[in-house]
Every structure is written in structure tokens, then in C-alpha cells.
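Each step along the sequence shown adds one to the number in our numbering, with nothing skipped, and position 309 is 929.
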Amino acid sequence: MGEQAPLPQDFLDLSADCGGDPLRVQGPGGNTSIKLGETLWIKASGTELANALDDDIFVAVDRAIALAEAKGAGDGTCQAAILDPERGLRPSIETTFHALIDWPVVAHTHSVATLVHATSDQGFAEAKRKLDGLPVAFVPYCKPGRPLTEAIAAKMTPSVQVFVLGNHGLIVAGDSAPDVATLMGEVERRLAMPVLADGSPPEGSAPDGFIWLQTSALAHDAQLFSLATQGSYYPDHVVFLGPALPTQPVDGAPACLIQGQDLAIRKEATPAQKAMAQCLSDVLTRLPANWDPNAIGSEAEAELLNWDAEKYRQALAARRA
Ligand SMILES: [Zn+2]
Numbered sequence: 621m622g623e624q625a626p627l628p629q630d631f632l633d634l635s636a637d638c639g640g641d642p643l644r645v646q647g648p649g650g651n652t653s654i655k656l657g658e659t660l661w662i663k664a665s666g667t668e669l670a671n672a673l674d675d676d677i678f679v680a681v682d683r684a685i686a687l688a689e690a691k692g693a694g695d696g697t698c699q700a701a702i703l704d705p706e707r708g709l710r711p712s713i714e715t716t717f718h719a720l721i722d723w724p725v726v727a728h729t730h731s732v733a734t735l736v737h738a739t740s741d742q743g744f745a746e747a748k749r750k751l752d753g754l755p756v757a758f759v760p761y762c763k764p765g766r767p768l769t770e771a772i773a774a775k776m777t778p779s780v781q782v783f784v785l786g787n788h789g790l791i792v793a794g795d796s797a798p799d800v801a802t803l804m805g806e807v808e809r810r811l812a813m814p815v816l817a818d819g820s821p822p823e824g825s826a827p828d829g830f831i832w833l834q835t836s837a838l839a840h841d842a843q844l845f846s847l848a849t850q851g852s853y854y855p856d857h858v859v860f861l862g863p864a865l866p867t868q869p870v871d872g873a874p875a876c877l878i879q880g881q882d883l884a885i886r887k888e889a890t891p892a893q894k895a896m897a898q899c900l901s902d903v904l905t906r907l908p909a910n911w912d913p914n915a916i917g918s919e920a921e922a923e924l925l926n927w928d929a930e931k932y933r934q935a936l937a938a939r940r941a
């Protein structure tokens with residue numbers, strides 16, 4: 621061991637294509653994997669699919685150990701399955717479902733079109749209609765990691781190749797990277813949503829230390845403003861931006877939404893935080909007015925941020941006061 625296995629070029633291309641499209645992957649979100657013999661190659665935690673062609677972003681894990689962790693052994697992080705610990709890469713938190721899904725190539729994205737549908741009952745019903753005829757399963761929201769893998773296991777059959785993950789995203793699996801790319805393209809085409817809301821450029825200047833994101837629809841549309849400031853809708857938003865956007869600058873919050881102006885983001889925000897703020901705008905501006913998205917709720921937020929649920933509720937209340 622000690623060097624990167626020569627991964628198939630079409631697999632690297634699939635990974636980079638997903639990572640290069642902000643409507644499918646934002647920042648370090650999403651992950652791809654390929655099973656070669658007894659080894660599962662999976663995107664490493666914290667790396668970006670967009671860099672798949674240039675950097676070593678994949679880590680090798682023992683497929684059998686990862687599968688055992690998917691089914692309840694170990695701690696579910698698959699760190700015990702790493703084949704080459706000296707490289708210092710940790711497998712994605714989502715490795716267990718890649719091991720569980722028994723197809724050679726698995727690609728997981730935080731597809732905006734999927735998120736628009738998979739946050740509301742109306743959207744789910746519409747997605748079921750649009751994806752009719754495809755080998756698809758619908759999975760309710762669960763915390764990423766082994767809880768999500770267990771929810772996927774409950775819906776999985778040998779023929780299912782597409783998983784729509786409630787308040788989270790999309791998984792597409794297949795025999796080869798080109799097969800996955802084709803099937804994912806079909807799902808994206810069927811679920812694609814036009815931008816329905818737009819705003820006008822902000823007239824005021826951004827708060828001290830902030831810049832406008834230049835995506836102002838959320839600040840101008842009363843319904844979208846209330847959605848963005850009252851809840852969070854998928855895990856990476858919470859991980860990178862915290863819970864619902866505050867309506868003015870708040871210590872520790874990298875972004876805020878100023879009514880009638882724009883989404884403001886701190887000047888020193890990371891590219892991942894900016895990508896996640898853009899993602900919120902991309903999702904909410906495609907939401908039909910008569911769909912009612914379900915926020916993941918404070919308990920799920922506390923889980924994602926590794927907070928005690930009661931302490932988290934108190935901190936949230938203080939932030940809103
Ligand atoms: Zn994910």
C-alpha cells in the first residue's frame with residue numbers, strides 16, 4: 621500500500637462532473653465510491669469531488685469491514701476499515717451506505733432538484749410521479765452516518781438503483797460510472813425545476829464585515845424569507861451555516877438574511893460556506909408556492925452539531941432573543 625490505486629478514468633470523470641456542478645454538489649458535500657475486488661474506494665472526509673481529477677481524494681477501505689459496520693459492527697465510522705492509515709485520509713461519514721449498496725459504483729449528491737422535491741409532502745408525491753418507471757426508493761430523513769444507512773437498508777432491494785433521501789439528496793448506483801452518469805442525468809432531467817422567484821439587487825450597503833451574496837430573492841419574497849429564517853432543510857446547511865438564517869448579524873453566524881435587501885455573508889466566510897448559502901437560494905427559489913417544506917427541526921440540528929438537545933434549544937432561544 622502507500623500509493624493511490626489507479627482508479628478508472630470514467631469513475632474520476634463522474635466524480636469531477638458531480639463536484640463541478642453547484643446544482644448537484646456544494647463544497648465538500650456529496651461523495652462517490654467504487655468497489656474493486658475486496659476494496660471500496662470512497663471519497664475522503666473533507667475533500668471535494670470537484671478536485672477528483674487533480675488531487676488524491678479517495679481512500680481505500682476494506683469492503684467487508686465497512687459492510688459489517690453498515691450492519692451494526694464497530695462504531696459506523698469505518699475508520700477501522702482504512703487500508704492505508706499513513707495517508708491520513710478518513711473515509712466519508714457516509715461510507716457505510718456505499719458499502720451496503722451492492723452495486724460497483726455509487727454516487728451521492730446534494731442535488732438541488734432533489735432537495736426541492738424531497739423536503740415537502742407535495743414534492744415527494746410529485747417526485748414519485750416524475751420518477752415512475754425508474755428503480756427508485758424513497759427514504760425518510762435520518763442523521764447521516766449509520767442511522768441513514770439503516771433507513772436505506774429498510775428500503776433497499778437488489779434492483780433499486782436510485783434513492784431519494786428526504787431532506788438530504790440523491791444516491792444513484794450502477795454497474796459502471798457511465799451507467800451511473802446516464803441514470804443520474806435522467807433523474808436530474810425529470811426533477812429539474814425552473815427558478816420561480818427572483819429579487820432586485822440590494823440598495824443598502826451590507827452590514828459591517830459582510831458582503832451581499834447577490835442572490836436577493838429570499839430577502840424580497842415574504843414566503844421565502846420566512847422559510848429561510850425559520851428553519852433548516854438539509855444537513856450540510858446546518859453543518860456549514862448553522863440553523864435558520866438570522867435576520868441580522870449574530871456572533872458566530874456566518875450569514876444572515878436582511879429583509880428587503882439580500883443574503884449577507886461574512887467577508888471571511890469559507891468557499892464551502894458561500895456555496896452552502898448559494899445552495900439555500902438555489903433550493904428555495906425553485907420551490908413552488910403551494911409546497912410546504914418541512915424543516916428538519918431542532919432535535920435533528922442538535923444531533924448534526926453534536927449538541928445536547930436541551931442545551932441546543934436554550935442556545936437557539938438566546939440567539940433569537
Ligand atoms: Zn450527503
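From the three backbone atoms N, C-alpha and C, an ideal C-beta is built for every residue, glycine too.
Taking a 10 Å sphere around the C-beta of N910, we find fewer than 16 other C-beta atoms and assign the residue as exposed. Here A837 is buried: its Cβ has 16 or more other Cβ atoms, across all protein chains shown, within 10 Å.
The C-alpha of A826 is placed about 19 Å away from the C-alpha of D841. Within the same chain, Cβ atoms closer than 7 Å to the Cβ of T739 are found at N787, Y853, P913, N914, the five residues on either side in sequence being excluded.
In the three-state reduction of the DSSP assignment, L790 falls in the strand class.
For the pair of segments examined, the segment 730-747 was found to touch the segment 637-646: the number of CB pairs separated by less than 8 Å reaches three. Each residue's CA atom was taken as its position, placing A935 and V858 some 15 Å apart. Taken from the Cβ of P764, at least one heavy atom of ligand 1 lies inside 8 Å. Judged by the Cβ position, H730 qualifies as a neighbour of ligand 1 at the 8 Å threshold, a heavy atom of the ligand being closer than this.
The beta carbon of E714 sits closer than 8 Å to at least one heavy atom of ligand 1. A distance of 9 Å or more separates the beta carbons of L816 and A727. Listed in chain order, the non-local C-beta contacts of N671 below 6 Å within the same chain comprise I677, local neighbours out to five positions each way being set aside.
In the three-state DSSP reduction, L785 falls in the strand class (E or B). Not one heavy atom of ligand 1 is found less than 8 Å from the C-beta of H857. Remark: C-beta atoms of H737 and V784 approach each other more closely than 9 Å.
Beyond the five residues adjoining it in sequence on each side, A892 comes within less than 7 Å, by CB distance, of G647, P648, F860 in the same chain, given in chain order. Taking 8 Å as the cut-off, one finds at least one heavy atom of ligand 1 near enough to the beta carbon of G650. Short of 8 Å from the beta carbon of V870, and not among the five residues preceding or following it, lie these beta carbons of its own chain, in chain order: C876, R939.
With a threshold of 16 other beta carbon atoms within 10 Å, N651 meets it and is buried.
Taking 8 Å as the cut-off, one finds no heavy atom of ligand 1 near enough to the beta carbon of G696.
In the three-state scheme derived from DSSP, where H, G and I count as helix and E and B as strand, P626 is classed as coil. In the DSSP annotation of this structure, C698 is not part of any beta strand (DSSP E), being labelled neither H nor E.
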